[in-house]
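Engineer: In my numbering, the protein residues as written are 162 to 605.
This is how it looks when you write it as structure tokens:
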């Protein structure tokens with residue numbers, strides 16, 4: 162099966178040098194020529210010629226080398242092109258390429274900026290900002306950090322009874338005399354002066370179109386979670402009153418600790434280079450949190466949901482929140498959200514990747530697809546695991562495109578189309594409306 166580090170091609174075209182460039186700019190990979198989309202050998206009639214030609218084309222086009230080898234299996238020949246990751250950006254015909262799931266894409270905008278920063282050993286939140294000093298940051302935000310760090314016992318009194326400038330040094334938020342972007346965002350009174358979109362937008366909706374009212378939460382990131390939770394639980398959420406014996410209990414649609422963890426995850430892991438705010442949509446029967454976030458190439462969506470993985474897109478911001486005691490270091494966020502919901506007898510939240518955005522949906526009530534958001538056993542017995550996952554994803558979001566499904570499942574567009582065709586033939590899904598504006602319906 163094709164993935165971020167493996168691709169098959171039945172014949173060679175020079176266009177596939179883009180894939181070689183993409184492997185070199187990400188985590189490396191292998192291009193196997195003489196195999197079809199599912200990895201079956203179809204053979205090459207000119208394998209020995211390509212064994213001589215391809216290395217020269219790679220060298221001439223990109224000034225790099227790759228391990229090109231000839232293989233014979235079942236009487237058929239194919240070629241493997243093994244490309245290592247390079248520590249500097251590789252360009253092909255004036256363009257930079259990278260891998261997104263099993264696809265080769267041209268890097269522009271955020272993707273290209275990330276490639277250039279990585280080549281310098283930097284991350285987006287670690288870029289130094291000129292003409293800023295500790296005096297320009299918020300003493301109130303520093304007070305919040307100090308209080309939370311002491312309460313959580315992540316730091317002791319001696320660690321925080323220091324000047325703001327020394328604290329920034331200790332948190333690795335300075336580079337020489339310059340303060341890093343993460344410091345401005347975590348402790349700046351107005352981070353949006355430097356990073357547009359570094360705030361949270363909350364809206365109460367009757368449906369996907371009709372907005373009742375909305376609020377925005379601005380200021381230092383270190384204070385943003387508390388402000389957001391206060392607003393949600395005093396203005397947006399209705400608490401149902403019940404009694405356990407003589408104890409009065411307020412039952413909110415989303416458990417407080419689960420919502421707190423979800424909000425913190427969004428703040429820490431958002432890709433702020435998109436300049437889009439974090440969004441929280443509150444409906445009568447569900448709450449949706451959306452933030453821009455790019456999963457690492459080596460972590461599948463399924464692995465993210467089942468393993469304790471830490472992949473901070475913003476390692477410097479994550480360090481501040483860890484030292485303050487607001488987050489755990491070892492990637493426990495998603496597990497904690499699920500556990501809190503289960504402990505309060507709430508439906509398991511739905512985690513999804515929609516294009517460049519990460520989304521968490523908390524449903525308040527019985528979920529159409531059942532508590533664990535899995536398809537029923539009758540369907541399970543008639544389709545394979547990939548098709549099961551496609552049905553589940555389409556049940557959660559009927560607007561997903563073939564390209565988005567291929568990115569989520571790390572499959573080629575052609576593989577997604579083949580599985581979609583099978584599901585339609587089995588009368589399990591149906592397309593309603595035009596290709597551009599229509600949606601998928603799960604029929605069973």
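We put the CB at the ideal spot given by N, CA and C, even for glycine.
With a CB to CB cut of under 6 Å and the five nearest residues on each side skipped, what residues in its chain are close to residue 482?
Structural biologist: Counting only Cβ-Cβ distances below 6 Å, and skipping sequence neighbours, we find 429, 488.
Engineer: Under a three-way DSSP split, which group does residue 444 fall into?
Structural biologist: Correct three-state label for residue 444: coil.
Engineer: Short of 7 Å in beta carbon distance, which residues of its chain neighbour residue 310, apart from the five on each side in sequence? Order them along the chain.
Structural biologist: Within the same chain, residue 310 has close Cβ partners 316, 321, 484, 485, 486.
Engineer: Excluding the 5 residues flanking residue 213 on each side, which residues of the same chain have their C-beta closer than 7 Å to its C-beta?
Structural biologist: Closer than 7 Å at Cβ, skipping near neighbours: no residue.
Engineer: Helix, strand or coil: which one does DSSP assign to residue 515?
Structural biologist: DSSP places residue 515 in strand when its eight states are reduced to three.
Engineer: Closer than 8 Å by C-beta to residue 178: which residues in its own chain qualify, once you throw out the five before and the five after it? Chain order, please.
Structural biologist: Excluding positions up to five away in sequence, the list reads 218, 219, 222, 223, 253.
Engineer: Excluding the five sequence neighbours on either side, which residues of its own chain have a C-beta within less than 6 Å of the C-beta of residue 517, listed in chain order?
Structural biologist: Counting only Cβ-Cβ distances below 6 Å, and skipping sequence neighbours, we find 453.
Engineer: Below 7 Å CB to CB, which residues in the same chain sit around residue 559 once its five sequence neighbours on both sides are set aside?
Structural biologist: Contacts found: 600, 601, 602.
Engineer: What does residue 264 pair with, by DSSP beta-bridge criteria?
Structural biologist: According to DSSP, residue 264 bridges with 261.
Engineer: Measuring CB atoms only, is the segment 318-336 touching the segment 366-378, in the sense that at least three cross pairs come out at less than 8 Å?
Structural biologist: Output reads no: the segment 366-378 does not touch the segment 318-336.
Engineer: Could you check the C-alpha separation between residue 580 and residue 383 for me, to the nearest Å?
Structural biologist: Going by the C-alpha atoms only, they are around 45 Å apart.
Engineer: Among 349, 587, 294, 566, which has the Cα closest to the Cα of residue 604?
Structural biologist: Among 349, 587, 294, 566, the Cα nearest to that of residue 604 is on 587.
Engineer: Measure the CB-CB distance between residue 611 and residue 166 and report whether it falls below 8 Å.
Structural biologist: As shown, the chain starts at 162 and ends at 605. That puts residue 611 outside it, with no answer to give.
Engineer: Taking the alpha helix (DSSP H) that residue 286 belongs to, which residues open and close that run?
Structural biologist: Looking at the DSSP string, residue 286 is not in any alpha helix (DSSP H), and its letter there is neither H nor E.
Engineer: To the nearest angstrom, how far is it from the Cα of residue 509 to the Cα of residue 438?
Structural biologist: If I take the Cα positions, the gap works out to 25 Å.
Engineer: When burial is assigned at 16 or more other CB atoms within 10 Å of the CB, is residue 577 buried or exposed?
Structural biologist: Buried is the call here.
Engineer: Just to confirm, is the Cβ distance from residue 394 to residue 363 under 8 Å?
Structural biologist: Contact flag unset, no.
Engineer: Extract the residue ranges of the alpha helix (DSSP H) inside the segment 479-506, only unbroken runs of 4 or more that lie entirely within it.
Structural biologist: Within the segment 479-506, the complete alpha helix (DSSP H) runs of at least 4 residues are 494-504.
Engineer: Output the distance between the C-alpha atoms of residue 503 and residue 296, rounded to the nearest integer angstrom.
Structural biologist: Straight-line Cα distance between these residues: approximately 45 Å.
Engineer: Over the uninterrupted alpha helix (DSSP H) stretch that includes residue 565, give me the two end residues.
Structural biologist: Residue 565 -> alpha helix (DSSP H) spans 563-570.
Engineer: Considering only their Cβ atoms, is the gap separating residue 448 from residue 414 smaller than 8 Å?
Structural biologist: For residue 414 and residue 448, yes; Cβs fall inside 8 Å.
Engineer: Can you tell me the Cα-Cα spacing of residue 216 and residue 191, whole angstroms?
Structural biologist: Distance between the alpha carbons of residue 216 and residue 191: 14 Å.
Engineer: Thinking C-beta only, is residue 423 closer than 8 Å to residue 498?
Structural biologist: Cβ distance < 8 Å, so residue 498 and residue 423 count as in contact.
Engineer: So if DSSP puts residue 164 in a beta bridge, which residue, or which two residues, is it bridged to?
Structural biologist: Partner(s): 167.
Engineer: Whose CA, out of 476, 251, 263, lies closest to the CA of residue 347?
Structural biologist: The shortest Cα separation from residue 347 among 476, 251, 263 belongs to 476.
Engineer: For residue 248, does the count of other Cβ atoms within 10 angstroms reach 16, so buried, or fall short, so exposed?
Structural biologist: Counting Cβ neighbours within 10 Å, residue 248 comes out exposed, since fewer than 16 surround it.
Engineer: My output table needs one value for residue 580: the three-state DSSP class, helix, strand or coil.
Structural biologist: In this structure, residue 580 counts as helix in the three-state DSSP scheme.
Engineer: Tell me whether residue 427 sits in a helix, a strand or coil according to DSSP, three-state version.
Structural biologist: It is helical.
Engineer: Go through its chain and collect everything with a Cβ distance to residue 226's Cβ below 8 Å, but skip five positions before and after it.
Structural biologist: If we look at residue 226 and ignore the five residues flanking it on each side, its Cβ neighbours are 216, 219, 220.
Engineer: Would you check if the segment 333-348 and the segment 277-292 touch, i.e. whether three or more CB-CB distances between them fall below 8 Å?
Structural biologist: Yes: at least three Cβ pairs fall under 8 Å.
Engineer: Cβ atoms of residue 299 and residue 358: under 8 Å apart, would you say?
Structural biologist: It is not a contact, given that the beta carbons lie outside the stated cut-off.
Engineer: Roughly how many angstroms lie between the CA atoms of residue 259 and residue 556, to the nearest whole one?
Structural biologist: Approximately 30 Å between the Cα atoms of the pair.
Engineer: Just checking my contact of residue 567 with residue 262 at CB under 8 Å: how many whole Å lie between their CB atoms?
Structural biologist: Indeed they touch by this definition, with Cβ atoms about 6 Å apart.
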